[in-house]
Each structure stands twice: as structure tokens, then as C-alpha cells.
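For the record, in the sequence shown the residue sitting at position 35 is 37 according to this note's numbering, with numbers rising by one throughout.
Where a beta carbon is used, it is the ideal one built from N, C-alpha and C, also for glycine.
Take a look at the structure below.
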Amino acid sequence: MRVKHGIGKAAAAVVLAAVLLTGCSNGVNESAGESVGSVSEQSSNTASSVSSVSSSLSAISSANSSAASSTTSSAVSSASTSESKSESKPESVEESKPESKPESVEESKPESKPEETSVPSQSGETDKNTPYGKHGALSVKGTDLVGASGEKVQLRGMSTHGLAWFPQYVNYDTFKFLRDDWNTNCVRLAMYTHENGGYCAGGNKEQLKTLVKNGVDYASQLGMYVIVDWHVLNEQSPLVYKDEAKKFFEEMSKQFADKDNVIYEICNEPNSSASWQDVTTYANEIIPIIRANDPNSVILVGTPQWSQNIDQALSAPLNFDNIMYTLHFYAATHTDWLRNKMESCINSGLPVFVSEFGTCDASGNGAVDVGQSNAWKDIIEKHNVSYMCWNLANKNESSCIIVSGCSKLYGWSDGELSTQGKWIRDWFKSETEM
Ligand code: IDC
Numbered sequence: 003m004r005v006k007h008g009i010g011k012a013a014a015a016v017v018l019a020a021v022l023l024t025g026c027s028n029g030v031n032e033s034a035g036e037s038v039g040s041v042s043e044q045s046s047n048t049a050s051s052v053s054s055v056s057s058s059l060s061a062i063s064s065a066n067s068s069a070a071s072s073t074t075s076s077a078v079s080s081a082s083t084s085e086s087k088s089e090s091k092p093e094s095v096e097e098s099k100p101e102s103k104p105e106s107v108e109e110s111k112p113e114s115k116p117e118e119t120s121v122p123s124q125s126g127e128t129d130k131n132t133p134y135g136k137h138g139a140l141s142v143k144g145t146d147l148v149g150a151s152g153e154k155v156q157l158r159g160m161s162t163h164g165l166a167w168f169p170q171y172v173n174y175d176t177f178k179f180l181r182d183d184w185n186t187n188c189v190r191l192a193m194y195t196h197e198n199g200g201y202c203a204g205g206n207k208e209q210l211k212t213l214v215k216n217g218v219d220y221a222s223q224l225g226m227y228v229i230v231d232w233h234v235l236n237e238q239s240p241l242v243y244k245d246e247a248k249k250f251f252e253e254m255s256k257q258f259a260d261k262d263n264v265i266y267e268i269c270n271e272p273n274s275s276a277s278w279q280d281v282t283t284y285a286n287e288i289i290p291i292i293r294a295n296d297p298n299s300v301i302l303v304g305t306p307q308w309s310q311n312i313d314q315a316l317s318a319p320l321n322f323d324n325i326m327y328t329l330h331f332y333a334a335t336h337t338d339w340l341r342n343k344m345e346s347c348i349n350s351g352l353p354v355f356v357s358e359f360g361t362c363d364a365s366g367n368g369a370v371d372v373g374q375s376n377a378w379k380d381i382i383e384k385h386n387v388s389y390m391c392w393n394l395a396n397k398n399e400s401s402c403i404i405v406s407g408c409s410k411l412y413g414w415s416d417g418e419l420s421t422q423g424k425w426i427r428d429w430f431k432s433e434t435e436m
């Protein structure tokens, strides 16, 4: 097992963020452009993209300020009383949507005061009392994730919303709270590719990569696992931005080559006409690039039909080790039939990872279905499946764990959590294993 301290890189990221901030952002209270409706509307809205960049830059600074403040505020309990350094007031533009076709996008409006920062001097990578300290480098054995000593491991935690829109949650204190108070051991960094402000759709690539690197650094300092998610969604096929993906994963896997807590998710949700053959073509190009730099990393691969058709992966698995295939569910939409598919695929030997799920319907909104969510919980526990909940943000939609009026980055009270937020927190806290 290779162990490395992430402090140097984190400090560099802070400096980079500060340089970007002073160089590109014109003020601390600059607000983002108005949120607008559909992706197509947004794609021609230049003002919106520009504002998104500067608001996100402010938030990087905020995140780093927050990390610095944690060196002086020792305990999680103090987190709940600390002042949140950014405010986001995303406006809901969602309309009720059919089935699994999330379409509209949001921007957040963080306001922050840039401050001189430094990063905490801890290393969760070597501390035996952190998840990574306990389990080390993970690998896939049969249908399970296992730790360095061969013990079964189940990852659990929160997925961010789109990094471009809610960057303020890429924050050391947020991750620390999720680790210590919510009992999670993993964070997923969701970087949209096609939606406005996404990596291949007008987003500031350098800034987005800085957010990914900061997120990996914070998770590493805390000894948490972290998933770098190339969030394929409305482009439908991962082949659309394959060349961008190759460059991105080449750079990221080089950057994180000595960080064994990093997991790569190479395509969130192939959908519509994207076939398993398309995913296979894509994976066969991307995985060797990652493996050349980071030979033993665990890699998650999305499956067709918004990561529901894991049976197609079972019929024609990829020819690599340490691969898991993702299944995503939204409990109010995806019920017995998808649970049955998951169970039969696992029973047939397919390693499955639930890298995204919600308790509501597939639009990310609508009523929480507690009965269906509990049925999912039971089957996930039965098969030691890892599970990451969508999403860590305060937009006005049911899948956000924080209520829309709350801008706190951590230390949320019951009243500041959505129905899903309370439900998932209680599930995480019920787990006994690190
Ligand atoms: C949704 C967000 C929503 C955003 C939309 C963008 O919750 O705020 O406007 O994306 O298209 C997925 C996707 C995930 C979706 C989520 C809910 O992976 O990006 O997020 N969902 O629709 N698959 C099924 C559901």
C-alpha cells in the first residue's frame, strides 16, 4: 500500500484558487446570473456562464477559508455554531418531469469573502482511525469491495450536486462533518459534462479540475474514499465527449496516482440510445489510460438506461480487474423490478456499486417514498453493496439533503434537513462498520 500526504498538493490548490480568484473575479459579492430553464436555453446564455465561473471561484475561496478555520475549531460540535461563509440561493426551475430524464440545470449563488487560507495539518491517510487508515487500498473480489487485508468494505456517503453549480460543498469541514457526524466514509464529486457550466459545455475547465483536486485533497486529509465522477447525462452517450474524457482522466490519474483512496467513475449514466457496446468501446479506451498511471485503482462503469441495465454488463463484462458496474435508482420510480435485477446480477457474480440514488422519483423531485427506500436499503445491506446518495446541496428539490433556505455548509439541525436528508443520515448513522 502506498501512502502519501496530500498537504503539499492541497496547499498548491489553495494558492491556485487564490490566484484564479484575484485574477478573474471582480468582487466578493458578485452574484451568479439568473437561473434559467432548460439546457438548450442555458447553452446560449453567455452571461450566465461567466457569472457561474466567478461565483464558483468565490466558492473555492470560501471552501478553503472554511478548511483553514477548521484548524482552529477543533470539534464537529463547533461546526454547528460556526458561521457559514457562503450563501447560496438557487432558485428552483424544475417542472414535473417524466421518468428518468433529468433535464434542467441550476446555478448556485454563493457569496463569499476571500480570506488568506491554509489547509489543516492532518493526515487521514496514515491515521488508523479513519476509513482509509483502516482499509487502505481497495480492490474488487467477487462481487465485493475488499480492503487491503481482504476484509469486505461497504462504501457509503453523499454525492455532490454539480460541482459547477454548488461548489461551496467541496469543503473540508463539510466532508469532516459527513465523516464524523454522519458516519460516512466516501464522497462523490459529480462533474457534469454536457449541461451548461459543465466541463464540455462552457464550464471553466481549470476551475472545475481545481474543485476536483481540492475535493480529493480534503477527502485524503480526512482518510475518506472519494469518487471522481465524469457525469455523463444529457449528452446520452459517453462517446460524445470521449476525447475530452481521455484528456481529463489522463491528467487526473497522473495527479492522483499515489492516492489509493481515489475511485474513478468514468460515465455516470449512459442513456437513451447509448448501448452497452458504446459503453464498452468508451471504457476500453478510458480504462487503459487510467490504469497506465494508477494500475490498481477501482473503476466504476455506468450502464445503459441511466445505469439500470447492469444485466447487459453481466452478459458482456469488461476485460479488466477491479471494475464495478453502477446501478442507480430513485425509489419512487424504480421498484421491485430493478431490485430483482440487481439481486440476480449479484447472484450471478456481477460486482455492483450504487453510485447514485434518491428516495424520491427519477426527476430528483417529488415525494419521498419511504417504503420503497427501505426495501432498497434492505437489499443493499443484504449484499454489501456500496451506496452514494444524491445529493449534497440546498436546491429546492426533494433529492437535496439540505432545505433550500439553509446556507450552512455543515452542522445541519433536523429542521435544516429535507425528508431525504434525515432519512439518509439515519441510515448512515446506523452502520457499525467504518
Ligand atoms: C438532476 C439534479 C437537478 C438538475 C438536473 C440536471 O437533481 O437539480 O437540474 O440533474 O439535468 C440522475 C442524474 C442526476 C440528476 C438526478 C435527478 O444522474 O444528474 O440530477 N438523476 O434527476 N439520474 C437519475 C436521476
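Three or more C-beta pairs below 8 Å linking the region 212 to 221 and the region 252 to 268: yes
Local conformation of residue 344 per DSSP, three classes: Three-state result, residue 344: helix.
message: Would you say the beta carbon of residue 232 is closer than 7 Å to some non-hydrogen atom of the ligand IDC?
response: no
- request: Take every Cβ of the region 185 to 194, pair it with every Cβ of the region 230 to 248, and state whether three or more of those distances are shorter than 8 Å.
  value: yes
message: Which residue marks the beginning of the alpha helix (DSSP H) containing residue 329, and which one marks its end?
response: Taken as a continuous stretch (DSSP letters only), residue 329 belongs to no alpha helix (DSSP H), being part of the beta strand (DSSP E) at 325 to 332.
query: What does DSSP give as the partner residues of residue 192 in its beta bridges?
result: Paired residue(s): 231.
query: residue 392 and residue 333 look like a contact to me (Cβ under 8 Å); what is the Cβ gap, rounded to whole Å?
result: The beta-carbon distance between residue 392 and residue 333, rounded to whole angstroms, is 11 Å. This is too long to meet the 8 Å contact definition.
- prompt: Does the count of Cβ pairs from the region 342 to 353 and the region 407 to 418 closer than 8 Å reach three?
  reply: no
- request: Please state if the CB of residue 389 and the CB of residue 158 are separated by a distance shorter than 8 Å.
  value: yes
query: Do you know how far the Cα of residue 358 is from the Cα of residue 330?
result: 5 Å
task: Starting from residue 214, follow the alpha helix (DSSP H) in both directions and report where the run begins and ends.
output: Bounds of the alpha helix (DSSP H) holding residue 214 are 207 to 223.
message: In chain order, what are the residue ranges of uninterrupted beta strand (DSSP E) at least 3 long that sit wholly in the region 366 to 415?
response: 389 to 394
- prompt: Can you tell me the Cα-Cα spacing of residue 396 and residue 198, whole angstroms?
  reply: 19 Å
message: Would you say the beta carbon of residue 165 is closer than 7 Å to some non-hydrogen atom of the ligand IDC?
response: no
Cα-Cα separation between residue 178 and residue 306, rounded to whole angstroms: Separation of residue 178 and residue 306 (C-alpha to C-alpha, rounded to the nearest whole angstrom) is 34 Å.
field: Any non-hydrogen atom of the ligand IDC closer than 7 Å to residue 378 Cβ
entry: no
- prompt: What do you reckon, is the C-beta of residue 332 under 7 Å from a heavy atom of the ligand IDC?
  reply: yes
- prompt: How would you call residue 176, buried or exposed, if buried means at least 16 neighbouring beta carbons within 10 angstroms?
  reply: buried
Sequence-distant residues of the same chain with beta carbon closer than 6 Å to residue 431, five excluded per side: 185
task: Sort 267, 208 and 308 by Cα distance to residue 237 and report the nearest one.
output: 308
task: State buried or exposed for residue 279, treating a residue as buried only when at least 16 other CB atoms are found within 10 Å of its CB.
output: exposed
field: Buried versus exposed, by CB contacts within 10 Å (16 or more), residue 249
entry: exposed
query: In this structure, what does DSSP give as the bridge partners for residue 301?
result: Looking at the DSSP assignment, residue 301 forms a beta bridge with 266 and 325.
message: Assuming the contact rule is C-beta atoms closer than 8 Å, residue 292 and residue 299 should be a hit. Round their C-beta distance to whole Å, please.
response: 6 Å
- prompt: Quick one: does the C-beta of residue 198 sit closer than 7 Å to a heavy atom of the ligand MN?
  reply: As presented, the structure is devoid of the ligand MN, carrying the ligand IDC as its sole ligands.
beta-carbon residue 396 near the ligand IDC non-hydrogen atom, thresh 7 Å: no
Cβ contact (3+ pairs, closer than 8 Å) linking the region 310 to 320 and the region 356 to 376: no
task: Identify every residue that forms a DSSP beta bridge with residue 146.
output: According to DSSP, residue 146 shares a beta bridge with 143.
- request: Excluding the 5 residues preceding and the 5 following residue 394 in the sequence, name in chain order all residues of the same chain whose CB lies nearer than 7 Å to its CB.
  value: 160, 161, 162, 163, 171 and 403
Residue 297 versus residue 418 - alpha carbon distance: 42 Å
- prompt: Do you know whose CA, among 262, 203 and 263, lies nearest residue 235's CA?
  reply: A check of alpha carbon separations from residue 235 across 262, 203 and 263 identifies 203 as the nearest.
- request: Count the other C-beta atoms from every protein chain shown that fall within 10 angstroms of the C-beta of residue 434, then say buried if there are 16 or more, exposed otherwise.
  value: Classification for residue 434: exposed.
field: Coil, strand or helix - residue 254 by DSSP
entry: DSSP, read as helix, strand or coil, puts residue 254 in helix.
task: Confirm the yes/no value for this check: CB of residue 357, any heavy atom of the ligand IDC, distance under 7 Å.
output: The beta carbon of residue 357 sits no closer than 7 Å to any heavy atom of the ligand IDC.
heavy atom of the ligand IDC below 7 Å from residue 217 C-beta: no
For residue 166 and residue 385, the rounded distance between their alpha carbons: Their Cα atoms are separated by approximately 34 Å.
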